[in-house]
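Asks:
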Amino acid sequence: MVAPVALLSDQVQASVTALAQQFQQLRPFRHAVIDNFLEPAFAGRLLAEFPEFHPARAIDENGMLGKKAVCETVRALGPSYTQLDSLIQGQDFLGFVSRITGIPDLLYDPYYFGGGTHDNRNGQGLDAHVDFNRHPVTHAHRRLNLIVYLNPDWQADWGGVFELHSDPQSGDDQIARVLPIFNRAVLFETTEKSWHAFSPITLPEARQHEARRSIALYFYSSERPIGELAATHSTVYVDRPMPAHLFAGVTLAQSDVDEIRRLLGARDQHIQRLYRDTQRLNSRLEQALQAVGLVRGSFIFRALAAVRRKLRSRVR
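Using this note's numbering, read the sequence shown as starting at 55 and increasing by one per residue.
1) Can you round the beta-carbon distance between residue 274 and residue 185 to whole angstroms, since I take them to be within the 8 Å contact cut?
2) DSSP state of residue 256, grouped into three classes?
3) Roughly how many whole angstroms lie between the Cα atoms of residue 233 and residue 336?
4) What span of residues does the beta strand (DSSP E) with residue 241 cover, start to end?
5) Residue 173 bridges to which residues according to DSSP?
6) For residue 294, which residues from the same chain have a beta carbon less than 7 Å from its beta carbon, with the 5 sequence-adjacent residues on both sides left out?
7) Please confirm whether residue 290 and residue 223 have their CB atoms less than 8 Å apart.
8) Take residue 171 as the anchor and find which of 106, 214 and 177 has the nearest alpha-carbon.
9) Per DSSP, residue 249 forms a beta bridge with which residues?
10) For residue 324, name the three-state secondary structure that DSSP assigns.
11) Do you know offhand how far residue 142's Cα is from residue 314's?
12) Under 8 Å between the Cβ atoms of residue 199 and residue 284?
13) Following the continuous beta strand (DSSP E) through residue 292, name the residue where it begins and the one where it ends.
14) From residue 63 to residue 93, what does the alpha carbon distance come to, in whole angstroms?
15) Report the rounded CA-to-CA distance for residue 153 versus residue 82, giving the unit in angstroms.
16) Does the region 145-160 come into contact with the region 122-130, if we say contact requires no fewer than three beta-carbon pairs (one atom in each stretch) closer than 8 Å?
17) Locate the beta strand (DSSP E) running through residue 80, then write down its first and last residues.
18) Mind checking residue 166: buried by the 16 CB within 10 Å criterion, or exposed?
19) Give every residue of the same chain whose Cβ lies closer than 7 Å to the Cβ of residue 57, excluding the five residues on either side of it in the sequence, and list them in chain order.
20) Could you check the C-alpha separation between residue 214 and residue 225 for me, to the nearest Å?
21) Using the three-state DSSP reduction, which class does residue 57 fall into: helix, strand or coil?
22) For residue 86 and residue 74, I'd like the C-alpha separation in whole angstroms.
23) Touching or not, the region 193-213 and the region 259-278, by the rule of three or more beta carbon pairs under 8 Å?
24) Does DSSP classify residue 187 as helix, strand or coil?
25) Which residue wins for smallest C-alpha separation from residue 89, given the options 138, 151 and 202?
26) Please classify residue 281: is it buried, with 16 or more other beta-carbons within 10 angstroms of its beta-carbon, or exposed?
27) Just to confirm, is the Cβ distance from residue 246 to residue 197 under 8 Å?
28) Residue 111 to residue 216, Cα distance in whole Å?
29) In three-state DSSP terms, what is residue 273?
30) Quick one: what does DSSP say residue 197 is sitting in, helix, strand or coil?
31) For residue 339, which residues does DSSP report across the bridge?
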C-alpha cells in the first residue's frame, strides 16, 4: 500500500522551504503556485476517474442549470479519489500544508462543502468573490483553499485563467493570473480580502467538448487571529465590470453584445438571489415573533420589529 504522503511529487516534498517563502511573498495576498504537485501517475489516474458532467450537479446558487458541475462525494468517485481523501485528512499532509502557510492546527472537511470536483464548461466564468468564512455544519473558520488543476494542454487564449485580486471594486485592482494547467496547484489563504475569480472559458469551436477540470480542497481551523475575525457570512461576489474596450461611440461586435448580455444576466441573478434571501429572513422573523408571542411593548419585540421593517424596505 502506498503511503499517502508519497502521492505528492518528490519535487514538492523537497521544496517546503521555497514554497513557504513563496506563500509569504506573493501578492496580492498570500498564495503559492505549485507545479507538478502530485506524483504524475497519480494525477493521471485522478483525471481518468474524474466524473462526467451531470446536469443534477450543475444547479447554481440561483437555482438555475449552469455550466459548472460540482461533486462533493469525493471518496465515492473511484480508488484514486479514495486515496486523495486519505491523503488530505492525514496529519502528515496537514502538517505539510501548515509548514508552507504558517497556519497551525488545520482541519480537514469531511463534508467537502462547496469543494470536491469542479467541471466547468465553455462559457462558464467565476466573478471575483470572497468565500464564506465559517463552515455551515462545524462552524470552523475557513483558512485555506487548495485547487488542483487537471487540464492537459490548456491554452491561455481558452480563458478559465485563475485570478487573485487585491480589490475588484478599485480602479487600482492588482491581479495575479495563473493558467490552470495539468497537475498545477494553487494554495491561498481565505480572509475577508482574498478576492479570487476565473475568466470566462472561451474554447475554440473544435475544442468545445473540453472542460476546465479541478479539485477544490478547503481547510479550516477552530480559531483564527483576532485581526482576521469577521461576522459570519456566505460567499460575497463582485460582478465583473464592463470591458475596458467598450466606451461611447464604439461599434459593438456580436461578441461584445453577448458579453454585455452575460454581465447583465449575472447581475439580475445576483439581485434575485439577494431578494430571496431577504424575503426568507423576513419570513423567519415573522414566524419568530408569532411563535414567542412577545408583548408588543417589550424591548425584544421592538428590536425584532425594527429588523423586520429594515428587511421589508430593502425588498420594496
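Backbone N, C-alpha and C define an ideal beta-carbon position, used for all residues, glycine too.
Replies: By the coordinates alone:
1) Residue 274 to residue 185, Cβ: 11 Å. No contact.
2) coil
3) 43 Å
4) 239-243
5) 123 and 267
6) 181 and 317
7) no
8) 106
9) 219
10) helix
11) 41 Å
12) no
13) 290-292
14) 4 Å
15) 21 Å
16) no
17) Note, residue 80: premise wrong, no beta strand (DSSP E); not H, not E.
18) buried
19) With a pLDDT of 49 at residue 57, under the threshold of 50, the modelled position of this residue cannot be trusted, and the question is left open.
20) 22 Å
21) In this prediction, residue 57 has a pLDDT of 49, which is less than 50 and means its spatial position is unreliable; nothing more can be read from the coordinates.
22) 8 Å
23) yes
24) coil
25) 202
26) exposed
27) no
28) 22 Å
29) strand
30) strand
31) In the DSSP output, where bridge partners are listed per residue, residue 339 has none listed.
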